[in-house]
Every structure is written in C-alpha cells, then in structure tokens.
Amino acid sequence: MEYDFRQIEQKWQQRWRERKTYKAIEYAEKPKFYALDMFPYPSGAGLHVGHPLGYIASDIIARYKRHQGYNVLHPMGYDSFGLPAEQYAIQTGQHPEITTKTNIVRYREQLDKIGFAYDWDREVRTSNPDYYKWTQWIFSLIYNSWFNKTTNKAEHMSTLIKKFEENGNQNVNAVIEDDWFKNLNPTLSQGEGAPFDSNLVTNNQFFFGKDWQGDFTATDWKSMNPEQQQLLLMNFRLTYLADSWVNWCPALGTVLANDEVKDGKSERGGHPVEQKLMRQWSMRITAYAQRLLDGLDAIDWPENIKEVQRNWIGRSEGASLKFRVSGSEFLVEVFTTRPDTIFGVSFMTLAPEHELVLQITTPDYREAVEQYIANAKLKTERDRQADVKNITGQFTGAYALHPFTEEKIPIWIGEYVLIGYGTGAVMAVPAGDQRDWDFAAKFGLPIPNIFEGVDISEKAEPSKDAVLANSDFLNNLTPHPSPKGEGNKSSSIKRAIEEIETRGIGQGKVNYRMRDAVFSRQRYWGEPFPVYYKNDIPYLLDEKDGQVTLPEVDKYLPTEDGEPPLARAKREAWNVWKGDRMEYNTMPGWAGSSWYFLRYMDPKNEKTFAAREKIDYWNQVDLYIGGAEHATGHLLYSRFWTKILADHGYIGFDEPFKKMINQGMILGRSSFVYRFTFVDDKGLVLGPYNSSKDYLLSKEYYDKLNEHHYDIDDIKELIRLQLGNDEFQRIMDFGSYNIQSLYADISEVNNDILNTRAYERWFFKQLAGDENRFDELDGVERGRFISFIFNDEGKYICGWEIEKMSKSKYNVQTPDELVEKFGADTLRMYEMFLGPVEQSKPWDTKGISGVHNFLRKLWRLSHDKDNNFSESDDAPTKAELKSLHAAIKKVTEDLNRLSWNTVVSTLMICVNELTEQKCNKRQIIEPLCILLSPYAPHIAEELWEKLGHATSITDAPWPVFNEEFLKEDAFDYPVSFNGKTRFFIPLGVELSQDEVTKAVLAHELTFKYLDGKEPKKIIVVPKRIVNVVV
RNA sequence: GCCCGGGUGGUGGAACGGUAGACACGAAGGACUUAAAAUCCUUUGGCCAGAAACGGCUGUGCGGGUUCAAGUCCCGCCUCGGGUACCA
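Whatever position you read off the first sequence (first residue = 1), add 10 for the numbering used here.
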C-alpha cells in the first residue's frame, strides 16, 4: 500500500503518548489559548460519528493555535455521575462505578484512535472523590453565601450575621424572596409590617417573609437560640432547604429540575412527571437573574442560545399592584406588564392553589370552590397543558376593590392562572388580553372597552399600538410615547406606574420567569452532600470531619419509606457520620459539570479546587464547543456558579466561556428492506424454524406495490422468473400477502445496495442464534428461509430515511469502523468537509472516498511510483509559490473565522494544483504539511519526519503569508452590461479606472453589446469587475 | 401563537453587495487492463441553437423594492427544521 495510514497512525499515536507531545504546562512567556469540549457522559453505547464532530473541530483549532505560538490547554474528561449507570445498577446489582469505569475505558479507546491532542494528564471524572470533594466544597461555599442586593453580589454569611448583630435586619438588602415562598406553610408567611415573633422560628419550620424592612432588631436576633438563628439564616443562603413544589418523577424515583422536564415528561426516559411538595435543597439562581441576563451581551455565543437563556430567565417589566378584598383585611397582589390597562379590569383570577382562595371565599361558594380545587388537583401538569382550550373557572363570592375607582370586582379562580408565575393572581383585562377575554366570554363577565376606535367584540386587542380611552388620566396615551408624532405624549405605562406609586397601591416591578433550581436528587449515583442533621436542622460538615464519600448500599433503590437509596446505607458504611443522620439526597447531574473547566487548570490540586495563579493564567475558556441542548441546563448553571466564585474572589472572571460554538446533530440514515410474506386462510408460506418464508423485495417493486402499479400476481411472476418454477409452485395457492419495511443494519448496505450475504447471515443468527453454521449452508439451503427479489440490474436496493442515530434503528455509524477502513486523518477531514459544524446533517459516507483520495494524492506528491520518498531542494516556481500562498491565506482566514469545512476544499485545490505542477519541492511541501497538520496530524507528522525533522510538527510555526507571490501583472476583468457578464479582458492591474474604461470602450465586443447605444455610465471596480450601464 | 435558524444542481455544500454553483460525491463517455480494482482524461444547473465560437435565454422558495450590480440588503408571503408557551 502506498499511503499506509494504519501503520502511520499507530506509530504517531504511540509517539505522542511516549513523548507527551500534548502536555500543557503553564508558561507565562506565551499567550494562552483554552479550547474546551463539553465532556461526555460515558454511556454504554460508546461513541458514534456524531460525538467527535465537535471534538475534531476544537482539536483543529487547538493545534492551529499551537502552531501560531499559543500555549494551548486542550483537556478532556468525563461527566461520570448519571442516571443510566444507576438504572443499570438497579437492574443488575452491579455498582455504577464499575459500569462507569468500563464505559470510560471504551470511550478512551475510541477517542485515542482519532488522534486528539488532549492532555490526558489533566483528565477529570466528576464521580471521583478527589474531584467531587471540590464540588462539595463549592456547595459549602454557596451555602455560606447570601446575596447582597446593594452590592449586587454574593457575600459570606459572616457579613450578614454581623449586620444582624449590629442592627438586626435593618440595612439588609438581601435576595430572599422568590416564587417558592408561596408554597410554604401559609401561616409562616408574614404580611407587611407584621411584628416579629420569634416563636414562629421553631424547630422544623423555616421562617419566610416577604418584606423584611424593620422586621427584627439586634436584640431580637440575640434573643434567638442557635437553632432559631440557623433556621432564620436558611432564608438568606444561596442554597437553602425548603419545602417546595417540585417535579417528581415516580418512575425514576427522583425530582427533576425544570430544564430536565420536557412537555410534562422526564427528559431522560420520557416518564410522566407530577408536582409534589417536598423538602429539597434549592439553589437561589434567581438572585442572579439580572446578571445572567446582562452577562449575555458580553459573550460571543450563538444568538439562538442567548435567546433561549433570555427566554428562560424571562424578564418582564411592569408593576405589582395590591387589590383590597372587599370587607376583609386581605390584599391580593398581582403582577402585570400593562398597568396602564388598569381601568379595563373587570374581574380578578387567582390560581386554584393561591393561598388566599379559601380565606376569601364566601360561605355560599365554599363547596363549589373546594370542588373546583379538588378537580384541579386531580389533573397532572400534562393534562392541564393538554386541556388549554377547555376554559374552567369558579367564582369565589368575594370582591376586590378597584384601586382607582373603588368599584367592586368579582374574584374568580381559574386554571389558566399559574401559581408558579408572578404572584399567582391576575387582574383580568378582557379588552387587552385574549385569555381574560375568553374567560370573560365564557362566564358572562363584562368586557369594558378601554381602547380608542378598536372593536373588541370578537377578540381582545393586545397590541401596544392601541390608544387608551375610558381610562381617566391615561386617556389618549399609548405604551409607546408619541406614536404618531403628535404632541408630547408620555408612555401610558410609565404614567400609570407613577400614579400607582404615588397612591401607594403598588410599584413598578421587574418580574422573572426563572425559578430557583432544585438541587436534591433522590438517587445513589451522585455527589453526597456535606450535610448532616440534628433535630432536623441541617448543618454543614466541618473541614476537620473529612470528606463524606458515597457509602455502599445493598440495593440502589429507595427505601420502603420512600427515602433515597443512601438511607439504606448502614451507619458503619458512612465514612463520616455526624448528628442524628446524614443528608440522604445526592446532588444533581449538573453539579459536577458546573465547574469542571476550572479543575482542568489544576486537576491534581489537593489543597483547593484550583490554584488562583493557574486560574489567572488559563482564565476563561476561549473556545467552547458542544451541543445546544444544554442551553438552559449546564450552560446556565455553570455561568451561575462562575459568578458566585467570582463574587467571593476565587476567580477573576464571572463568565466561564468567552466564545461558544454549537455543533449540529449528526443524524443517521436508516436502511430498510421490504419483507413480503404470502398468506391466506391456509396460513403462511413457511420456512425452516417454523417462521414465515420471507421474500425481500428490492425497493423498486415495493414502490410499485405502494403506488398500485403492481399486484400480487406481478410479484409471483417475478418469483417465477428469478427463483424458478419450484419456488413458484410453493406460493401459487396463496392469494394474499403481508408487507413490512424492516431495518437493515447499515453495515450491510453500501450506497443503498444491500450486501445480501451479510443480511442473510444476520437473519440466520436471529433465527437460529448461531451464525457460525451459516457458512455451512449452500445456496439452496439458504434459499429456504429467505429469498431476494432483485431489480433489473440484479441488485437489491434498500429504502432509506433520515432519523436520529440509535441502536434500535440499526443506523449507528461508529468512528472505529471508519478509522479502520480509511484512517483517522480521513475521518477527521471528512467530518469537517461535510459542511458547517453548526449545521445538523445526515451522516453519509458517500463523499469519504474523495477526502481519502486527497490524502493519497498528497502522499504521492512526495513519493514516486515505488513509494520511495522523493523531494527536491530546487527553488520553487512562481506558480508553485502562488498555489501555496493562496492556500496559506485562505486556510488562515478560514480558521480565524472558524469555517472548518472550507479549509478542506482549499487544501484540496492546493494539492490538485501542485500535482498538476508535479511539485515535490521541500520549500512547498513543508509549509503545506503545517497547514494540513491540524486536520490530518498523523500524515503531516510522517511527511514532516521524512523531510528530515526530528521534532514534532506540532510546534512548527504557522507559515507566513506573503502577498508578493499572489501578485499578478494582469487581471482578467469580467465586463458586464447592465449587470450581465458578457466577456473578459485581461488588463494590467496598475491601470487607473479611466484607463480601464478606455480599454473596455475600445474593445470590439463592446460595440456589439452596446448595439449602437451610448453607455450611460461605466463602473470600474479595480481588480473586480467592469459594469457598463446602457 | 411567539422566538430563533434554514430554503442554492442528482447529492453534501462554496460564494467581503461585484464572473452563482468553488471543492467533493454521484452520473455519463473515454484511456489503460484478458477482466476487475486502482489510476488518468473529458463532460456534467436547465432550456434553445449550431459545423464551429468570447452563441442566446433562463436560473439561488414566491412576490415586490433599494442598487450601476442582489443568493447576499429592505418589505410582504410560502415552506422546512429547532426552541418555547395559558408567563399575565
């Protein structure tokens, strides 16, 4: 073999390992570059060709940057806590650690074959105790943090306690309020200005309040016992224990974060999810809502990911308003984005779960309301979502008072109002909101019109262009100031908020959709919390207690009482045990991945999560490549944790990933065969093993059957023609048929043509469970269980469909097979050549030979017919230098703008040209090898060595582009008339625009195209184009 | 519904507002070969014309517009993919 990629790739992979070619050390003299891949969860299925797509892309950039003189950090590791290993453990009893380790070995083998420039000495595994020790440490840090709204930063709890000791909670401007508070025991929720009652802070009950101004004094604080203090502080911590409504997945036996639930089902496994009130750790990510939103502007991420995060955070500006309930002390608070539509309020609606519902309901309506709430509770989240069009509601008998007009407004409850958003109550403006309109229409509530000249008899008018009317001081205003330039109008919204604040009935408010993130999982295979309980009050483990690691359990299932699996561990199984008991929950999957990029900087550090000077050196990730599916999970949480670490001064930046690219999904191309079975009342045509005899139809016949151009007799005739009269006799009596399309394994299919022998072998194995005997069978024997009906060319053509790659669809392409067949360099180049990395595309090996041929062509440039290396030291010609430098220019430009696919074309063009020129000159081949080396490092190293270099090509400086070599004396100007190119004239590049114009006008063809007319204008773009306007 | 992306030959895809279809696959024809593989050469958006050629027309989802010039910018649609939703 001329280009022996197997031998070359093996040789260099081994050398790189031995020489530690890709080891990264901190080296202050060089600028750094941090190229990072989203580390994989090592699943049992191994890698398919979709996984390395992003890895190859980042590897190319890492290598390119190294050629450019950067000190590159390019690490890899494993996100090794996770559900599949645990599910497997539940089924088989095998410890998830064993499964995980086995899978990692397989991943590593697969990755190694592709020739990545990873520094494996920096590998991290989130499930290793020496890694998760620091995950636990960060948890402790967050636990010891509160959010100071004045500084807009997290601070250590000690600063808060100091404030309490000095002034109580005066001057404490902390984030403590979030949507969850409403879900707590309502008796604990204090109204505004309620006197502080330390008795409320009792065991097992956390004190939550909404407005903390002047609630307690330093004396109050000092009079509390330590447990009461502990409970009070829980309200301020950035991770806190609270009873909250959570997404409970009974099938998985655990709670899930909002981003792990899709369409009311678990993202993993698609199991139903229900709402359940549970005591859980939560992360107060809502404190960072605004900073997470603002931070997006400063980072170079795909716009759609930023948009997803913006929507997830869901900032909306408006006002919160308080409505008095007629004849009682209760206040109902609502949030609205259109406070200016206040005069259109004709009723209010509360969520059925709203804490005030039963308190305000009048006796007459009590039964109906309770009935309604009970019905609502019965429905799952999914039912409710599916039932959106079915409007339900119930009057409570109570009335609220309009804050401006003092009119009585009926208070209803309705499912369309969600307890989880805003305050769980709305002021209904049917004229301006379609949902309110629908509700009003259904229950015969008034729909007062508050818009000038707008017909609202059929539907609401939600736009912000409508001019307000019947709205007192807001008349003639719109939300946009001076919409049509008439007069000096102010915004109706602004005006409304001013008035609302003046009257003290509410204030302007920013509301966020995002909620705090549930941080507990009732699972085994995750980080144990460094937390123990005494009198049911949680305490953090001390440093001197040592690190708590996962205890052994007998089964990986919840206990009979529904406690998490860790509760099964015997006391002795715990390496740390304190207080009454340990925390039995574990952390969620996203804990370890929220900071792993920092650990790569200093993976072996036993004193801290990473030394500050190393963090300062490597700093932010310069290029992060991974899937877009983590937009609201990992990518949000790691930003959140980064900000906390930054607030505490552990790191010097508060955004982790400076630039990010999302690689598209690689889809599979499934192949199908068409099984045709003869049936009638006698049964089936039977083959051996008592299964049906299959006739597999080539796609053409299947299509004809489907389109009714063929019927059973045509098929019978085909069988007679192709398989003979004996076969025909067997089927003659059968009058009907079944037809099914079945998956064929794509390894048995090449360009849609089925390898029938391979298919038979597989089929036989399914039937007989033993494929070895297959080879003993002769053609007649084989024909007893399966017969192919070929097309006119004697081929069996398969059908196909583009689908997600999956084992069950037999369409998984592993990189290993391709590396074996074509080599890693070809695979690397081909994956890039497929198209833009960001785009999703079906996997198709059709083009791979083109890339492989390119590498062989390159090889032949410097090898003779007998495969002897041959290079020349002659000076290169002008043409050769031009080919090379055109490539240097384009490759450099394209890599700088991360256009991976076009680089491959450029290199192909260069090699095609050099082949034409029969160029084997060292001065050309050497720089060309460097250009190629990020894409095809093995062949580049091999040629580099043959060219006489003792050191790796990896550190060879990137070739410098010299414009001189591209300079041309003449340019072939395309001459167009009214934009249509007609002919070309070669003209000197130094010519002025006037001279070019003259030359064009003098050209004989110009007369032809002018056709006797006078040119109106002649545009000359130097070295580009000439356009004659007629 | 809303928010993002896309829509270019038979296919994957190129194209700072400046020669649309680079590069590659596939296909067709040819050379070499007993044959196949490999390799090499030619053609390849569509239509029309021709003995020939710097031949003509048309062409980037549809309809308008801006411009000397539009796949590219603007407006209005159609359509496919992804995300998201009683979010007040």
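Even glycine gets a Cβ: it sits at the ideal position worked out from N, Cα and C.
Margin query: Applying the 10 Å Cβ sphere with the 16-neighbour rule, what's the burial state of L287?
Written below: Exposed, by the Cβ-count rule.
Fill in: The beta strand (DSSP E) enclosing E284, as first and last residue numbers
E284 to M293
Answer yes or no: do A577 and P561 have a C-beta to C-beta separation smaller than 8 Å? no
Note to self: Residues in the same chain with beta-carbon distance under 6 Å from V1036, minus the five sequence neighbours each way, listed in chain order, please.
What the structure shows: Y983, V985, V1010 and V1030
Practice item. Return the residue from the list F832, T406 and L733 that minimises the CA-CA distance to T855. Key: F832
Practice problem: For M437, name the three-state secondary structure that DSSP assigns. | Solution: strand
Once DSSP output is grouped into helix, strand and coil, what is the label at T169? helix
Going by beta-carbon coordinates alone, are L57 and I676 separated by less than 8 Å?
no
_E848 and I671 - do their beta-carbons sit closer together than 8 Å?_
Cβ distance < 8 Å, so I671 and E848 count as in contact.
- Item | Short Cβ contact (8 Å threshold) for E951 with L924 | no
Counted within 10 angstroms of its Cβ, other Cβ atoms place E841 as buried (16 or more) or exposed:
buried
- [ ] Kindly indicate which three-state DSSP category N209 falls into: helix, strand or coil?
- [x] Bear in mind that the predicted position of N209 carries a pLDDT of just 42, short of 50, making it unreliable; the figure below should be weighed with that in mind. Residue state, collapsed to three classes: helix.
Please classify I654 as buried or exposed, where buried requires at least 16 other C-beta atoms within 10 Å of its C-beta.
That one is buried.
In this structure, how does DSSP classify G463 when only helix, strand and coil are distinguished?
coil
Worksheet entry | Pair within 8 Å by beta-carbon distance, C808 and K709 | yes
Taking just the CA atoms, how far does M839 sit from V921? 15 Å
Practice item. Ignore the nearest five residues each way along the sequence and tell me which others in I66's own chain have a CB closer than 6 Å to its CB. Key: R838 and E841
| task | Could you check the C-alpha separation between T1007 and K1026 for me, to the nearest Å? | result | 13 Å
Item checked: D626 (DSSP reduced to helix, strand or coil) -> D626 falls in the helix class under three-state DSSP.
_Residue from K565, G430 and E237 with nearest C-alpha to Q101_ = K565
(request) Give the single residue among K172, N782, V689 and E786 whose Cα lies nearest to the Cα of R740. (result) V689
Considering just the uninterrupted stretch of the beta strand (DSSP E) at Y522, what are its terminal residues?
G516 to Y522
#### Entry: Counted within 10 angstroms of its Cβ, other Cβ atoms place A408 as buried (16 or more) or exposed
buried
Practice task
For L894, name the three-state secondary structure that DSSP assigns.
Solution key: helix
Exercise. Does DSSP classify F357 as helix, strand or coil?
Worked result: If DSSP states are grouped into helix, strand and coil, F357 belongs with the strands.
Check: Per DSSP, what kind of secondary structure is A133 in: helix, strand or coil?
Finding: It is Glu, not Ala, that sits at residue 133 in the sequence shown. The answer is coil: DSSP assigns E133 none of H, G, I, E or B.
Per DSSP, what kind of secondary structure is D713 in: helix, strand or coil?
helix
- Task: State the beta-bridge partners of D590 as determined by DSSP.
- Result: Its beta-bridge partners do not exist; DSSP assigns none.
*Report yes or no: do the segment 796-811 and the segment 94-114 share at least 3 C-beta pairs separated by less than 8 Å?*
Result no; under three Cβ-Cβ pairs closer than 8 Å.
| Burial state of R135 (16 or more Cβ within 10 Å) | buried
- Query: In chain order, which continuous runs of the alpha helix (DSSP H) of length 4 or greater are located wholly inside the segment 858-935?
  - Reply: 858-871, 888-906 and 910-926
Enclosing beta strand (DSSP E) for M815 [first to last residue]: Element bounds for M815: n/a, residue is neither H nor E.
task = Give me the Cβ distance between N930 and E881, rounded to the nearest whole Å; I'm assuming they're in contact under 8 Å.
result = 5 Å
Is C808 helix, strand or coil by DSSP? coil
_Contained beta strand (DSSP E) runs [length at least 3] in the segment 258-284, N- to C-terminal order_ = 264-266
CB P420 to CB I515, shorter than 8 Å?
no
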